[in-house]
Every structure is written in C-alpha cells, then in structure tokens.
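A.B. asks:
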Amino acid sequence: MVNMINCPYCGGEMTADAAICPKCGGPAKKEVDSGEPQPFFGDSNTSTCPICNTRVGAGDIVCIQCGVNLLTGQKPDRAKEPVPPKRDLQSAATILKTVGIVFLVMICGGALFLLATKLLHDPVKDARQIAKMGDPEEASELLRDHLQRVPEDFEAQFLLGQIYWKGEQYDRAGEAFESIARQGGPRDRDAALLALLASEHISGNENRKRQVTMLQSLIQQRYPDDVELLKVVALLQGVEKEYRGQRDTTEILEAMDAAPPILSGLTYIMTGKMEKAVESLQDAMDMLPKDERVAVALGFVQKIRGQKESCTAVLEQVKDVSPETEALVKMQLGSSLMQRGEDGKALPFLTVAKEARPEDSQCMFLHAVGLQQNKLLDEALVAFEKIASGSGKFAGLASLQMAVIYLEQGNYDQAGSFVRRAGEEGITSARQATVLGRVYVMQGDMTRGEQAYRRAVSIKADYPAVRLELGLLLVNRGSVEEGLKELERYLDLAVSNPVQYRANEIDVLVDQIKKTKQQ
243 MVNMINCPYC GGEMTADAAI CPKCGGPAKK EVDSGEPQPF FGDSNTSTCP
293 ICNTRVGAGD IVCIQCGVNL LTGQKPDRAK EPVPPKRDLQ SAATILKTVG
343 IVFLVMICGG ALFLLATKLL HDPVKDARQI AKMGDPEEAS ELLRDHLQRV
393 PEDFEAQFLL GQIYWKGEQY DRAGEAFESI ARQGGPRDRD AALLALLASE
443 HISGNENRKR QVTMLQSLIQ QRYPDDVELL KVVALLQGVE KEYRGQRDTT
493 EILEAMDAAP PILSGLTYIM TGKMEKAVES LQDAMDMLPK DERVAVALGF
543 VQKIRGQKES CTAVLEQVKD VSPETEALVK MQLGSSLMQR GEDGKALPFL
593 TVAKEARPED SQCMFLHAVG LQQNKLLDEA LVAFEKIASG SGKFAGLASL
643 QMAVIYLEQG NYDQAGSFVR RAGEEGITSA RQATVLGRVY VMQGDMTRGE
693 QAYRRAVSIK ADYPAVRLEL GLLLVNRGSV EEGLKELERY LDLAVSNPVQ
743 YRANEIDVLV DQIKKTKQQ
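FYI, the numbering for the sequence shown is 243 to 761, going by the working numbering.
What follows is the structure, encoded as structure tokens:
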C-alpha cells in the first residue's frame, strides 16, 4: 500500500516519497544542507509578488492578495476549489429572504392600494353616477350601505331621497327627507318641503298634521322670517281645518307685509268673520283686479252670505282660471242659477263641472238635480242611482230625490221604497217626512199620511211644503178651518220666495176654499 502524508504547507495529501507537494509546490521535506543556497524570491527580509507586486514577507509561500505560490509562481485554479457548504446555505437563505421580502412588499402594496382606494372612494358620487346610468336600485343600495357606516352623511341621505322620488317611491322619499329635516342638517328646509310634497303624492295621506308641526318647528327654531314657509304652513292649516292657527300665521305674514291678498280673506271666511272676509277680498280685488282667484273667493263668500245676485254677477266674470277652479266656479254658478229658478241656464254649467270633476259627489248630485229640474227624469234617475248605490254623504239625498221622481211618475211603490231607504241612510229631515206623507196619501192611507206630515212639522215648523200638504189634507178630510190655518201659515212662509213657492196660486186656492165655506 502507498504511504500517504500531508503537505506541511497546504495540508494536501501526497505520497511519502514525493519531493514536492502536487498541490502547492512546496518541498515535501527538508534536504540535507549541502552548502548551496536554496531558491527564494527576493531578499531574505521582504519582497514583492511577481504577479500583483503586493509586498510579501520573507517566509510567505502564498501571496495574500492574488493567491500565487511564491515558491513556484503557479496561480491557483479557483474554479476547482470546493465551495464550503456553509456558504451555500447562507446564499440560499439570503435568496429566500430576498424573495420573501419581495412578496411581502407586493402583498402589502396591494393591500395598501385597496385601502387607499377605499378611503379615497366617494360612494355618493358613485351612486349619483349609477343613478344617471339608469340603475336606481343599485344606487340606492350603495347609499344604504354607506349610511349604515356613516349615518350622519346628509348629502347621501338627500340623494337617497331624490332617487326614491324619481322611482315614485314617495313613502320612502318622504321618510328620507323628513329624517334630514328633523336632524337639522344643512338642507333641512329643502328636505322639509320635499317631505311634504312626497306625502301629498300618497293617497289617503295621514301625515299632513305631522308635516305642519315639523314646518312650524323649523320656523320657530331656524327660519322665523321665511315668508315661503309661513305661507305653506298657513295653507296647510286651512286644509287641515286649523282655522285659528291659520289666522295666527296669516297675521304674522301681514305684520311682515307679505300676506297674499286672498289669504287674509280666506282665513276670515274660515273663522266665520264674513264681513271682514268681504272687506278683505274687495280690497284684494282693488289691489289685484286681474287676479280672478280673488273674484272666485269673493263669489263664494257672497254665496255663503246668501247674496245670490252678487255671487252670480262676480262668478260670471271669471274666465281665465285653472281647470280645477273653473269646475268649482261652474258648479257654484249652476247652483245659484237653480236657486233663482233659471234651471235651463244652470244645467250647462253643472254639466261642465261634472265632466271636469267626475268623482266629486257634490258635482254629481247637483248635475242630477239639474237634470231633474229640467224634466229629464230618466237621465236624472240614472244619475241619482249611481250616487245612491254608493256610500258617500249624498247617497241618502239621492235616494230621496229618486222617491220624488217616482212620486211624480205615479210609481208609488218605488217612491215609498226609496223614501224609506233615505231614512235608513240618515235622512230624517222634514222634507223626507213630507215626501213619505205624500206617498201614503197617494196610496190612500190618509191617517199615516197625516202622521208623517205632523212629524215633519215637529222636525221643522217653518218648512213651507209640509204646511201646504197638511193644509190640503185637512181640507179634503173635512177639517176646513184647521186646513185653512195651515195654508195661511204656508203663505206667510212663502213670502221669502213667492215665485218658487207659487204663492199666488195658493192664495187663489185659499180664497176659493173660503168662498165655498161661506156658501
């Protein structure tokens, strides 16, 4: 076996009999001093590397700068030198660390980007854009989610109300706007008015009183001099029949010299101060001669006060008004003309009013009465039947009018049926009792007829028609003296409107009865 030893200079393995180390070129063992000088680069103290000129010591074998063997001049082959495993592990760890840092930066950067995008995100702006693009549902959902996180964002609340409004979701729109108004946000005034308008779009609105209270609170707390809000409140109070409150609000406007001319007159009407109402409205007409709304109001006041001629004269001059107001004017004109006995002239006005307000029970009733007064009885029966079959406040009166028509046509069974139906529906007036008495008399039941007449007298002693019917009944039954007294009472009552009550005819009849009695 070959005996191996280690080089005393580089530690590399070599055979025991080798003179020079195959690795570093150093002498394997000392030679016996032969007296001849040994090879050496440079002097005995210092020298320089023959390759890189770096200073080296006298005993150095390898240049510490370039690694050349100073004994042999051989440069080491670094590509063949083994890399220590420890340095490989360190490099791998460094690479892994670098890659991890890169990924961490990427992940954190993405998260930071998303966070920054979220923080810089404007949901109100986005919702407005989405709504413009025609997707209100997505826009409203975005705003609702945003308001759950930021409930005090009034701009978002206002936009949500607007989106609901455009989608005709007036109940939700009203809630959104009312919430802003009650929180006192920067747009509380506008929100309060929009909440009111939204509630007015809801059928069977029951929130008007709450709206009035909210507006009054805004006026007291933040807008005491807001003329428009005061006007709105005054009008709402009138609609809600809060006439005293309406008068108080109007007085505030009057003190500010901002009350609409017609408003003062209306508040006087509603509080029963008719003389002041007429005075106020006449002043308004002098101030605004072309404002026909004032003329309409004045005409209504005159009708209420029984000034039929003045009412008709004023209302006939009204021309340029809204269709709604025109229908009311036509209705009042028709009613006034019928009271004056001008039934033929009244019917066209009542027809126009009924066509413009087909669901208005008062218009329908007056139109049917107009047909009846013009002897268009079949048409009148059809019109009255439509009203009587309903449950409105004119149903009982329509039944009574049908009884009168059937009575005139000689259909006493139908007349009796409808006059009793009127009584069942709450019409227990002197007129109803009088018509019932006439039905009994025409059916030959004089006793029950007289009982019905006397009940009518007990209900209203100054009802002219019952005095006439009772007087005629008593005369026909032989109670001439008592009958004449009833007829004379009738003539006394007929003085108020002798044409309507045919006073001259009855007066002639009374004279004839008296002459017959004297014979």
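Note that beta-carbon positions come from the ideal geometry of N, C-alpha and C, so glycine has one too.
As the structure is a computational prediction, the values presented were derived from the model and not from experiment.
In terms of residues, what are the limits of the alpha helix (DSSP H) holding VAL752?
C.D. replies: By one-based count along the sequence shown, residue 752 stands at place 510. Run containing VAL752: 745-760, per the alpha helix (DSSP H) assignment.
A.B. asks: Could you check the C-alpha separation between THR676 and TYR705 for me, to the nearest Å?
C.D. replies: Along the sequence shown, one-based indexing puts residue 676 at 434. Along the sequence shown, one-based indexing puts residue 705 at 463. Distance between the alpha carbons of THR676 and TYR705 is about 10 Å.
A.B. asks: Pull the bridge partners of MET256 from the DSSP assignment, please.
C.D. replies: Looking up residue 256 in the sequence shown gives position 14. Looking at the DSSP assignment, MET256 forms a beta bridge with ILE247.
A.B. asks: Cα separation between SER671 and GLY612?
C.D. replies: On the sequence shown, residue 671 is found 429 positions in, with the first residue counted as 1. On the sequence shown, residue 612 is found 370 positions in, with the first residue counted as 1. Computed Cα separation, rounded: 22 Å.
A.B. asks: Looking at the strands, I want to know which residues DSSP matches up with ILE676.
C.D. replies: Counting from 1 along the sequence shown, the entry for residue 676 is found at position 434. In the sequence as presented, Ile is not what sits at residue 676; that position holds Thr. Per DSSP, none; premise fails for THR676.
A.B. asks: For ILE306, count the other beta carbons within 10 Å of its own beta carbon; 16 or more makes it buried, fewer makes it exposed. Which is it?
C.D. replies: Here residue 306 refers to the residue found at position 64 of the sequence shown. Burial call: exposed.
A.B. asks: Express the C-alpha separation of LEU384 and PRO378 in angstroms, rounding to a whole number.
C.D. replies: Taking the first residue of the sequence shown as position 1, residue 378 is located at position 136. Taking the first residue of the sequence shown as position 1, residue 384 is located at position 142. Taking the straight line from one Cα to the other gives about 10 Å.
A.B. asks: Assuming ILE647 and LEU623 make a contact with CB atoms under 8 Å, what is their CB distance in whole Å?
C.D. replies: Here the question's residue 647 lines up with position 405 in the sequence shown. Here the question's residue 623 lines up with position 381 in the sequence shown. That pair is a contact at about 6 Å.
A.B. asks: Roughly how far, in whole angstroms, is the beta-carbon of LYS756 from the beta-carbon of LEU710, given that I think they are within contact range, below 8 Å?
C.D. replies: Within the sequence shown, numbered from 1, the residue matching residue 756 stands at position 514. Within the sequence shown, numbered from 1, the residue matching residue 710 stands at position 468. Contact flag wrong, Cβ pair sits at about 16 Å.
A.B. asks: Taking the alpha-carbon positions, what's the VAL741 to ARG452 distance?
C.D. replies: Counted from its first residue, the sequence shown places residue 741 at position 499. Counted from its first residue, the sequence shown places residue 452 at position 210. Computed Cα separation, rounded: 51 Å.
A.B. asks: So, under 8 Å CB-CB, GLY642 and ALA664 are touching, yes? Tell me the CB distance rounded to an integer number of Å.
C.D. replies: Sequence index remark: in the sequence shown, residue 642 carries index 400 (1-based). Sequence index remark: in the sequence shown, residue 664 carries index 422 (1-based). The sequence given here has Leu at residue 642, not Gly. Indeed, because the Cβ distance is near 4 Å, the residues count as touching under 8 Å.
A.B. asks: Label GLY713 either buried or exposed according to how many other C-beta atoms from any shown protein chain fall within 10 Å of its C-beta, with 16 as the threshold for buried.
C.D. replies: The residue given as residue 713 occupies position 471 in the sequence shown. So GLY713 counts as buried.
A.B. asks: Enumerate, from N- to C-terminal direction, the unbroken alpha helix (DSSP H) stretches of 4 or more residues contained entirely within the segment 610-664.
C.D. replies: 619-630, 637-650
A.B. asks: Let me check understanding here. Comparing Cα to Cα, which of ILE247, GLU667, PRO292, ALA736 lies closest to LYS635?
C.D. replies: Reading the sequence shown from its first residue, position 393 is the one you call residue 635. Comparing Cα positions, the closest option is GLU667.
A.B. asks: Consult DSSP for ASP299 and reduce its assignment to one of helix, strand or coil.
C.D. replies: Here residue 299 refers to the residue found at position 57 of the sequence shown. Correcting the residue identity first, residue 299 is Gly in this sequence and not Asp. In this structure, GLY299 counts as strand in the three-state DSSP scheme.
A.B. asks: Which word fits ASN746, buried or exposed, when buried means at least 16 other C-beta atoms lie within 10 angstroms of its C-beta?
C.D. replies: Residue 746 sits at position 504 when you count from the first residue of the sequence shown. Under this definition ASN746 is an exposed residue.
A.B. asks: Is VAL520 buried or exposed, if buried means 16 or more other CB atoms sit within 10 Å of its CB?
C.D. replies: Position 278 of the sequence shown, counted from the start, is the residue given in the question as residue 520. Around the CB of VAL520, 16 or more other CB atoms lie within 10 Å, so the residue is classed as buried.
A.B. asks: Quick check on ILE262: does DSSP put it in helix, strand or coil?
C.D. replies: Along the sequence shown, read from residue 1 onward, the residue named residue 262 stands at position 20. Of the three classes helix, strand and coil, the one that applies to ILE262 here is strand, per DSSP.
A.B. asks: Inspect the beta-carbon positions of LEU649 and ILE669 and report whether they are closer than 8 Å.
C.D. replies: Here residue 649 refers to the residue found at position 407 of the sequence shown. Here residue 669 refers to the residue found at position 427 of the sequence shown. Taking 8 Å as the Cβ cut-off, LEU649 and ILE669 do not qualify as a contacting pair.
A.B. asks: Enumerate in chain order the residues of its own chain whose CB-to-CB distance from ALA539 is below 7 Å, with the five nearest sequence positions on each side excluded.
C.D. replies: As a working mapping, residue 539 is identified with position 297 in the sequence shown. Hits under 7 Å: ILE504, GLY507, LEU508, LEU523.
A.B. asks: Can you check whether the CB of VAL683 is closer than 8 Å to the CB of LEU729?
C.D. replies: By 1-based counting over the sequence shown, the position of residue 729 is 487. By 1-based counting over the sequence shown, the position of residue 683 is 441. Taking 8 Å as the Cβ cut-off, LEU729 and VAL683 do not qualify as a contacting pair.
A.B. asks: DSSP three-state call for SER671: helix, strand or coil?
C.D. replies: To locate residue 671, count along the sequence shown from 1; it is residue 429. Three-state DSSP puts SER671 in coil, outside helix and strand.
A.B. asks: For the alpha helix (DSSP H) containing HIS388, list its first residue and its last residue.
C.D. replies: Here the question's residue 388 lines up with position 146 in the sequence shown. Residues 378-391.
A.B. asks: Kindly indicate which three-state DSSP category ASN739 falls into: helix, strand or coil?
C.D. replies: As a working mapping, residue 739 is identified with position 497 in the sequence shown. Residue state, collapsed to three classes: coil.
A.B. asks: Near ILE372, what residues of its chain come up, given a Cβ to Cβ distance below 6 Å and the 5 sequence neighbours on each side ignored?
C.D. replies: Residue mapping note: residue 372 aligns to position 130 of the sequence shown, counting from 1. So the list reads GLU380, ALA381, once near-sequence residues are dropped.
A.B. asks: Can you tell me the Cβ-Cβ gap for ILE461 and VAL475, rounded? I've got them flagged as a contact below 8 Å.
C.D. replies: Here residue 461 refers to the residue found at position 219 of the sequence shown. Here residue 475 refers to the residue found at position 233 of the sequence shown. Sure, about 7 Å apart at Cβ, within 8 Å.
A.B. asks: With distances taken Cα to Cα, identify the nearest neighbour of LYS483 among GLY691, PRO565, ILE511.
C.D. replies: Taking the first residue of the sequence shown as 1, we reach residue 483 at position 241. Per the Cα distances, ILE511.
A.B. asks: CB VAL556 to CB MET516, shorter than 8 Å?
C.D. replies: Taking the sequence shown and counting its residues from 1, one reaches residue 556 at position 314. Taking the sequence shown and counting its residues from 1, one reaches residue 516 at position 274. No.
A.B. asks: Hey, how far is the Cα of GLN464 from the Cα of ALA497?
C.D. replies: What you label residue 464 is simply residue 222 of the sequence shown in a count that begins at 1. What you label residue 497 is simply residue 255 of the sequence shown in a count that begins at 1. According to the sequence provided, residue 464 is Arg. The question's Gln does not apply to it. The alpha-carbon atoms of ARG464 and ALA497 are separated by roughly 19 Å.
A.B. asks: For a test of the three-state rule: what should DSSP assign to ASN311, helix, strand or coil?
C.D. replies: Indexing the sequence shown from 1 puts residue 311 at position 69. Strand.
A.B. asks: What residues match up with SER289 in a beta bridge as DSSP calls it?
C.D. replies: Here residue 289 is taken as the residue at index 47 of the sequence shown, counted from 1. Looking at the DSSP assignment, SER289 forms a beta bridge with VAL298.
A.B. asks: Measure the C-alpha to C-alpha separation of LEU439 and PRO565 and round it to an integer number of angstroms.
C.D. replies: Taking the sequence shown and counting its residues from 1, one reaches residue 439 at position 197. Taking the sequence shown and counting its residues from 1, one reaches residue 565 at position 323. Looking at the two C-alpha atoms, the distance is approximately 21 Å.
A.B. asks: Kindly identify the DSSP beta-bridge partner or partners of ARG304.
C.D. replies: Position 62 of the sequence shown, counted from the start, is the residue given in the question as residue 304. Just to set this straight, residue 304 is Val in the shown sequence, not Arg. Answer is ASN311.
A.B. asks: If you draw a straight line from the alpha carbon of MET529 to that of GLY487, how long is it in whole angstroms?
C.D. replies: Counting from one through the sequence shown, the residue named residue 529 turns up at place 287. Counting from one through the sequence shown, the residue named residue 487 turns up at place 245. Going from the Cα of MET529 to the Cα of GLY487 covers about 26 Å.
A.B. asks: Quick check on the DSSP output: the alpha helix (DSSP H) that includes LYS473 runs from which residue to which?
C.D. replies: As a working note, residue 473 is residue 231 in the sequence shown. Per DSSP, LYS473 belongs to the alpha helix (DSSP H) from 469-481.
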